[in-house]
Amino acid sequence: MAFIEASSPHTMNTYGRLPIALSHGQGVRVWDVNGREYLDALAGIAVNTLGHNHPKLVPALQDQVAKIIHSCNYYHVPNQERLAAKLAELSGMTNAFFCCTGLEANEGALKLARKYGHDKGIARPEIVVYENAFHGRSIATLSATGNTKVQQGFGPLVEGFIRVPLNDIAALKQATEGNPNVVAVFFETIQGEGGINPMRIDYLQQVRQLCDQKDWLLMIDEVQCGMGRTGKWFAHQWAGIRPDVMPLAKGLGSGVPVGAVVAGPKAANIFQPGNHGTTFGGNPLAMRAGVETIRIMEEDGLLENAANIGGHLKGALASELGALTGVKEIRGQGLMIGVELDRPCNVLTTRACEAGLLISVTADNVIRLLPPLIMNRAEADEVVEKLVPLVKKFLAE
Ligand SMILES: Cc1ncc(COP(=O)(O)O)c(C=O)c1O
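Mapped onto the numbering used here, the consecutive letters of the sequence shown carry residue numbers 5 to 401.
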């Protein structure tokens, strides 16, 4: 592998980084500073929707940079309205607040839920969250996260969360029974960091129904699984439901930091001037990136591509690996795929990188693929060709 400096003495020691630095990319390929090529099956963790150096995105961003990068929210930003209207059209919701990251979008959602409760006279609102969830690393979002490793060392945690298991409507009903303080149910349609764990379609529909009955907000974190990754704009749309609040980020700006809290009629007017804000959120560069990303996705049929190529990739992985002892399950939807092994396999990230393939391992034993949505069939086959021998060798050790 092309090693660069083994340590970075002046950046905080927050990441177990691989010893490469990427210098540039083209399509689904990237090159490191030493000129070594990699096939990108991770897209910067579900961020580079359009891959790298996209011929339509780059000139649009260059045009925007030359005009204005940042103004501020004291003034109108025309592309905020354009992007909000587009997100409303695609989601069937109505309004959006823009921020920069996934945790910020989730923080906004949590604030919406609490204020929704306060507006109804609930002084200590409680929000249902899930085992193995990941919602970010601010104090509130790490409290909502269902992973003690993420929480350790940062107590006291934020209170007001009720935790339940996935896909168990009886458990949700039992955990909330007779509790007048519940205001919202909050989950990822497909848990990303938790190991590519999908909520079942019937469960999503049951939770929607329960939220309607109880007057709770249904808040769906689509930060990782949204923006076309599963073959629909938002993964919950496979269940034909609509949330009241939907945090987005990652793929929304195709690499430029853009986050959004999208809200339907039940939540769209909760925030009033002074309740929430951000300096960078919704700035002209970010909004141009969001508008252009969606435009290009529509022009180039990337939802269909994600569904087709994702189906092909998952099928190929299933036929190559599915029957092996040690492979527990191959799951996911579209270009969000997890291969669960029966043992920790973090070392495969390094080995794949050495073999010229960028992937990740999450939840210790799930190989995760989140390629750019522009990936074609030949490139998907190349992912399989590179990955399968590594997994077979690993399982035989
Ligand atoms: C579902 C989900 N929500 C929230 C986040 C946090 O996003 P960010 O890292 O942009 O704060 C992530 C990040 O992985 C995520 O996968």
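Backbone N, C-alpha and C define an ideal beta-carbon position, used for all residues, glycine too.
Consult DSSP for residue i and reduce its assignment to one of helix, strand or coil.
{"i": "leucine 46", "result": "coil"}
{"i": "valine 62", "result": "helix"}
{"i": "threonine 15", "result": "coil"}
{"i": "glutamate 344", "result": "strand"}
{"i": "proline 251", "result": "strand"}
{"i": "tryptophan 35", "result": "strand"}
{"i": "tyrosine 134", "result": "strand"}
{"i": "arginine 141", "result": "coil"}
{"i": "alanine 264", "result": "strand"}
{"i": "valine 81", "result": "coil"}
{"i": "glycine 20", "result": "coil"}
{"i": "methionine 5", "result": "Residue placement at methionine 5 is flagged as unreliable, the pLDDT there being 48, under the threshold of 50; the coordinate-derived value follows with that caveat. Residue state, collapsed to three classes: coil."}
{"i": "lysine 218", "result": "helix"}
{"i": "arginine 128", "result": "coil"}
{"i": "glycine 271", "result": "Before going further, note that residue 271 is alanine rather than glycine in the sequence given. Residue state, collapsed to three classes: coil."}
{"i": "glycine 257", "result": "helix"}
Spell out the partners DSSP gives residue i in its beta bridges.
{"i": "phenylalanine 190", "result": "Met223"}
{"i": "proline 160", "result": "Beta-bridge pairing links proline 160 to no other residue."}
{"i": "glutamine 195", "result": "Asn201"}
{"i": "glycine 336", "result": "Ile341"}
{"i": "serine 364", "result": "Arg372"}
{"i": "glutamate 41", "result": "Trp35"}
{"i": "valine 295", "result": "Answer is none; valine 295 lacks a bridge partner."}
{"i": "valine 331", "result": "Leu345"}
Measure the alpha-carbon distance for residue i versus residue j and round it to whole angstroms.
{"i": "alanine 179", "j": "valine 186", "result": "10 Å"}
{"i": "alanine 356", "j": "glutamine 156", "result": "30 Å"}
{"i": "leucine 307", "j": "isoleucine 334", "result": "21 Å"}
{"i": "tryptophan 237", "j": "serine 95", "result": "8 Å"}
{"i": "alanine 45", "j": "valine 37", "result": "19 Å"}
{"i": "proline 82", "j": "isoleucine 298", "result": "16 Å"}
{"i": "alanine 400", "j": "serine 142", "result": "40 Å"}
{"i": "glutamate 135", "j": "leucine 374", "result": "22 Å"}
{"i": "glycine 31", "j": "valine 295", "result": "20 Å"}
{"i": "leucine 214", "j": "glutamine 228", "result": "25 Å"}
{"i": "threonine 75", "j": "proline 288", "result": "The residue asked about is misnamed: residue 75 is serine in this sequence, not threonine. Roughly 7 Å separates the two Cα atoms."}
{"i": "alanine 6", "j": "threonine 366", "result": "Here alanine 6 scores only 48 on pLDDT, less than 50, and its place in the model should not be relied on; the value that follows carries that caveat. Using only the alpha carbons, I get a separation of about 24 Å."}
{"i": "proline 23", "j": "asparagine 17", "result": "14 Å"}
{"i": "aspartate 216", "j": "proline 251", "result": "20 Å"}
{"i": "histidine 80", "j": "glycine 20", "result": "41 Å"}
{"i": "threonine 15", "j": "phenylalanine 138", "result": "24 Å"}
{"i": "arginine 204", "j": "aspartate 172", "result": "10 Å"}
{"i": "isoleucine 378", "j": "alanine 310", "result": "8 Å"}
{"i": "arginine 33", "j": "glycine 305", "result": "20 Å"}
{"i": "proline 169", "j": "leucine 91", "result": "30 Å"}
{"i": "glutamate 197", "j": "isoleucine 371", "result": "11 Å"}
{"i": "isoleucine 49", "j": "valine 395", "result": "21 Å"}
{"i": "leucine 325", "j": "leucine 345", "result": "10 Å"}
{"i": "glutamine 210", "j": "alanine 174", "result": "10 Å"}
{"i": "lysine 390", "j": "isoleucine 224", "result": "34 Å"}
{"i": "threonine 193", "j": "lysine 115", "result": "20 Å"}
{"i": "leucine 317", "j": "asparagine 57", "result": "24 Å"}
{"i": "proline 184", "j": "threonine 145", "result": "23 Å"}
{"i": "arginine 212", "j": "arginine 246", "result": "8 Å"}
Quick check on the DSSP output: the beta strand (DSSP E) that includes residue i runs from which residue to which?
{"i": "tyrosine 120", "result": "Segment 106-123 is the alpha helix (DSSP H) holding tyrosine 120; no beta strand (DSSP E) there."}
{"i": "valine 51", "result": "Run containing valine 51: none; DSSP gives neither H nor E here."}
{"i": "glycine 29", "result": "26-30"}
{"i": "phenylalanine 102", "result": "99-103"}
Could you check how far apart the C-beta atoms of residue i and residue j are, in whole angstroms? I think they sit under 8 Å.
{"i": "glutamine 84", "j": "glycine 342", "result": "With a Cβ gap of about 35 Å, glutamine 84 and glycine 342 do not count as contacting."}
{"i": "alanine 188", "j": "valine 132", "result": "7 Å"}
{"i": "glycine 106", "j": "glycine 140", "result": "6 Å"}
{"i": "glycine 338", "j": "arginine 233", "result": "6 Å"}
{"i": "threonine 53", "j": "glycine 315", "result": "About 18 Å separates the two Cβ atoms, so there is no contact after all."}
{"i": "proline 99", "j": "alanine 88", "result": "In the sequence on display, residue 99 carries asparagine and not proline. About 6 Å separates the two Cβ atoms, so the contact holds."}
{"i": "leucine 222", "j": "aspartate 248", "result": "5 Å"}
{"i": "phenylalanine 158", "j": "valine 262", "result": "The Cβ separation is near 27 Å, so there is no contact."}
{"i": "alanine 293", "j": "glycine 244", "result": "With 8 Å as the limit, alanine 293 and glycine 244 do not qualify as a contact, their Cβ atoms being about 30 Å apart."}
Check whether the Cβ of residue i lies closer than 8 Å to any heavy atom of ligand 3, and answer yes or no.
{"i": "proline 82", "result": "Absence of ligand 3 is noted for the structure shown, with ligand 1 being the only ligands found."}
On the DSSP letters alone, give me the boundaries of the alpha helix (DSSP H) that residue i sits inside.
{"i": "alanine 179", "result": "173-180"}
{"i": "asparagine 309", "result": "306-325"}
{"i": "isoleucine 166", "result": "Note, isoleucine 166: premise wrong, no alpha helix (DSSP H); beta strand (DSSP E) at 165-168."}
{"i": "alanine 356", "result": "351-358"}
{"i": "alanine 384", "result": "381-400"}
{"i": "threonine 152", "result": "152-155"}
Comparing the C-beta of residue i with each C-beta of chain B, is any distance below 9 Å?
{"i": "valine 62", "result": "Checking the listed chains, one finds no chain B in this structure; it contains a single protein chain."}
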